[in-house]
Amino acid sequence: MDLLDDESSGPGGNAHDYTVSEISGAVKRVIEGEFGRVRVRGEVGRVSRPASGHMYFDLKDDRAVIAAVSWKGQVARMQVRPEEG
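For the record, in the sequence shown the residue sitting at position 8 is 7 according to numbering that gives the first Met the number 0, with numbers rising by one throughout.
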C-alpha cells in the first residue's frame, strides 16, 4: 500500500522529499484506518503549561514516547491535572 502515491524515485534516483503535512496526513490515515477511536495508556513525562492555557505533555512507556497536547478548553475542564511521573 503506497500511502503517499510517490512514483518519482526510480532505480538510482533520489528519494522524494515529503512535507511535514504529507507525512502527518499519511500517518493519520493509517492510524484512523487501523484503530478508529483509541485510548493510550502510559506514564506522563515532560509537562508544559505555557501562558496560552494549552498543556503539552509526553506519554511514555519503556519503549516509546508520544507527544500530546490538551487544548485550553479541555485543560479548563480537567478535574485532575497530569504531572510528570
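Glycine is no exception: its CB is placed at the ideal position from the N, C-alpha and C atoms.
| Query | Result |
| --- | --- |
| Residues bridged to I65 [DSSP beta-bridge criterion] | L58 |
| Identity of the residues DSSP links to E42 by a beta bridge | K59 |
| Option nearest V68 by Cα separation, candidates A14, I22 and F56 | F56 |
| Endpoints, the alpha helix (DSSP H) within which V29 is located | V19 to F34 |
| Cβ-Cβ distance between G84 and V43 below 8 angstroms | yes |
| Identity of the residue in K27, V19 and R76 nearest G107 by Cα | A query on residue 107 cannot be resolved here, the shown segment of the chain reaching from 0 to 84 and no further. |
| Bridge partners - S47, DSSP secondary structure assignment | Y55 |
| Spatially closest choice to K59 from G41, P49 and R48, by CA coordinates | G41 |
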